[in-house]
Every structure is written in C-alpha cells, then in structure tokens.
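Working notes, beginning with the structure itself.
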Amino acid sequence: MPDTPPSVPDFTQWPSFPFEGDIRVKQLADPVAEEPLRKGEGNRDCTACQAPDEAYIWVGERWRVRAMDRPTGLPMVLILESRSHLDLGDLPNLLAAELGVMTVRLERAIRSLDGVARVHVNRWGDGSAHLHMWFLARPYGQLQLRGTFLPLWDSILPPISEARWRENLALVAAWLAEFGGRPLAEPPRIQWQAPSSFSGPAAEPVSEPAEPASVIEAAEEAPAPEDDEEVTEAEEDQKPAPGTGSA
Ligand SMILES: [Zn+2]
Numbered sequence: 281m282p283d284t285p286p287s288v289p290d291f292t293q294w295p296s297f298p299f300e301g302d303i304r305v306k307q308l309a310d311p312v313a314e315e316p317l318r319k320g321e322g323n324r325d326c327t328a329c330q331a332p333d334e335a336y337i338w339v340g341e342r343w344r345v346r347a348m349d350r351p352t353g354l355p356m357v358l359i360l361e362s363r364s365h366l367d368l369g370d371l372p373n374l375l376a377a378e379l380g381v382m383t384v385r386l387e388r389a390i391r392s393l394d395g396v397a398r399v400h401v402n403r404w405g406d407g408s409a410h411l412h413m414w415f416l417a418r419p420y421g422q423l424q425l426r427g428t429f430l431p432l433w434d435s436i437l438p439p440i441s442e443a444r445w446r447e448n449l450a451l452v453a454a455w456l457a458e459f460g461g462r463p464l465a466e467p468p469r470i471q472w473q474a475p476s477s478f479s480g481p482a483a484e485p486v487s488e489p490a491e492p493a494s495v496i497e498a499a500e501e502a503p504a505p506e507d508d509e510e511v512t513e514a515e516e517d518q519k520p521a522p523g524t525g526s527a
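Going by this note's numbering, the sequence shown opens with residue 281, and the numbers climb by one from there.
Structure follows, in structure tokens:
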C-alpha cells in the first residue's frame with residue numbers, strides 16, 4: 281500500500297477534481313516571519329501601472345479590462361483592473377461602488393457569449409498588489425467544470441481557437457463600450473488569401489509561446505517561492521507582462 285496520509289480530502293473524489301490516481305497532501309512549510317513583497321509593493325515594479333491602454337481590450341476613465349495574451353481552455357478569461365494603484369480594501373467609496381457596477385456589467389457581457397453557462401468572479405492578489413479581479417467563463421453543459429476547480433481546468437483544457445477568442449474579446453469590448461469608455465479589441469479580420477488565419481489589432485500573441493498564460497500561472501497570482509525569489513524575479517524581468525502583447 282502506498283503511504284497515503286489519512287487527510288486527503290473527499291473533494292479529490294469529486295467529478296470536478298481534475299486529477300486522479302494516488303494523491304498525497306504536501307508537507308506544509310513553516311510560516312515565514314515576513315512575507316515577500318508583491319509586484320507593485322515597496323520597490324517592486326507594478327505591471328498594471330506600466331501597461332499602456334493598448335494592452336487592454338477596453339479602457340475607461342477609472343477601469344481597464346484585459347485578456348490573457350493568447351487563448352486558454354475556457355471560452356473567456358478576463359481581468360478587471362482599477363487604473364489607480366490600489367488594492368481592494370483601499371478603494372475609496374466612488375471606486376468601490378463602481379467596482380460593483382463594473383463587476384455586474386462584465387459578468388453580463390461574458391455571459392452573453394455563445395456557449396457560456398456561468399461566469400465566476402475571483403480576487404486573489406498574492407502576486408500583485410494592484411487590484412485585479414478575474415472573470416472566468418464556464419462552458420455551457422460542461423458540468424464537470426462546475427465549481428472552484430475551474431481555474432485549474434483553464435490550464436488543462438486545450439485552448440479555444442484564436443478566431444473564436446478574438447471574436448469573443450471584441451463582443452465583450454463592444455458591450456462595455458455601450459456604457460462608455462473605449463473598445464480596443466476588434467473582431468478578427470479574415471485574411472482571404474490564407475483563410476485559416478486571422479489577425480486582430482489587440483492582444484497580439486507574444487513572441488514567447490512557452491510563457492504561462494492561464495489564471496493559475498499568471499504572474500499576478502504566482503507567489504514568489506521564498507527560497508529562490510531572486511531567480512524568480514530575474515526570470516520575470518525578462519518576460520513581457522501578461523496581456524501587454526507586443527505593445
Ligand atoms: Zn499599479
């Protein structure tokens with residue numbers, strides 16, 4: 281018998297749990313006395329503050345919405361950011377109220393896309409100090425994707441087609457622009473001489489296809505490992521920021 285700790289929780293047997301086979305619970309490391317700085321904290325650069333509007337699919341006076349730099353497994357994954365360098369608990373009343381309006385508006389926009397059953401809204405913020413809310417669309421009928429493992433499935437499922445992804449981005453951007461602001465994602469232009477390829481002006485794919493793109497792997501959420509934080513930061517500095525495209 282494998283040496284399985286007795287504390288493997290029941291959810292590992294749920295249909296929605298993405299893994300099977302023998303699973304063990306990791307040993308929990310000792311807590312650190314002082315947590316490492318997040319991006320945008322102390323002397324660490326803020327990716328969001330440095331990103332130009334062109335890296336987003338829609339921009340308004342106080343809010344911006346961006347996508348991953350390429351399609352992932354879910355029909356739509358978007359991030360809502362405040363323009364101001366604030367975290368959730370720091371929002372003044374105006375922005376706090378607008379966050380509610382923007383959250384509802386973006387949820388409706390994404391839910392209006394074909395084949396979307398539900399939109400899950402998440403905020404973590406262990407990687408970046410700049411407020412960023414995740415919106416994850418669950419495909420209709422995919423009951424196994426229901427619930428809190430959805431961000432994992434986003435990395436596991438094969439990416440949706442780039443054409444569909446760009447079309448969805450354009451639809452959401454246009455929806456948001458109905459209420460103001462500026463849509464930056466446009467529908468894919470079909471290049472008739474090469475019918476299988478599409479191009480669009482926003483969210484151009486970055487040059488490094490190996491760069492992680494999904495919510496689980498995003499720099500905004502990936503906490504720096506305390507042992508080799510310097511290595512991680514050096515690597516991060518060489519990469520384009522997620523969502524900034526080639527701008
Ligand atoms: Zn910032």
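The beta-carbon is built from N, C-alpha and C at its ideal position, and this holds for glycine as well. Quantities reported herein were computed from a predicted structural model and do not represent experimental measurements.
Open item on the list: Suppose you measure from the CA of Trp-343 to the CA of Val-305; what does that come to, to the nearest Å?
Closed with: 40 angstroms
Task: Neighbourhood of Glu-447 by C-beta, 7 angstroms cutoff - its chain only, sequence neighbours within 5 removed - done: Pro-467 and Pro-468
Open item on the list: Within the continuous beta strand (DSSP E) that includes Glu-361, where are the two ends?
Closed with: 357-362
- [ ] May I ask which residues mark the beginning and end of the alpha helix (DSSP H) holding Val-495?
- [x] Run containing Val-495: none; DSSP gives neither H nor E here.
- [ ] Tell me where the beta strand (DSSP E) around Pro-419 begins and ends.
- [x] 412-419
Task: Pocket of ligand 1 (residues with CB nearer than 6 angstroms to any heavy atom), chain order - done: Gly-320, Cys-326, Ala-328, Cys-329, His-365 and His-410
Open item on the list: So, with DSSP's three-state summary, where would you put Pro-431?
Closed with: Note: Pro-431 maps to helix in three-state DSSP.
Task: Close beta carbons around Ala-377, own chain, < 7 angstroms, minus the five adjacent residues each side - done: none
Open item on the list: Quick check: what's the CA-CA separation for Gly-245 versus Thr-292?
Closed with: No answer is possible for residue 245: it lies beyond the span of the chain, which begins at 281 and ends at 527.
TODO: Kindly list the residues whose CB is nearer than 7 angstroms to the CB of Ile-303, restricted to its own chain and excluding five residues on each side of it in sequence; keep chain order.
DONE: Val-288 and Thr-292
Open item on the list: Within 10 Å of its beta-carbon, does Thr-352 have 16 or more other beta-carbons around it, so buried, or fewer, so exposed?
Closed with: The residue is buried, with at least 16 neighbouring Cβ atoms inside 10 Å.
- [ ] Indicate whether the contact test is met: 3 or more Cβ pairs, each with one atom in the region 408-415 and one in the region 434-448, closer than 8 angstroms.
- [x] no
- [ ] Look at the Cβ atom of Arg-426, then the Cβ atom of Ser-296, and state whether they are nearer than 7 angstroms.
- [x] yes
TODO: Tell me, please, which residues DSSP counts as bridged to Trp-343.
DONE: Ser-362
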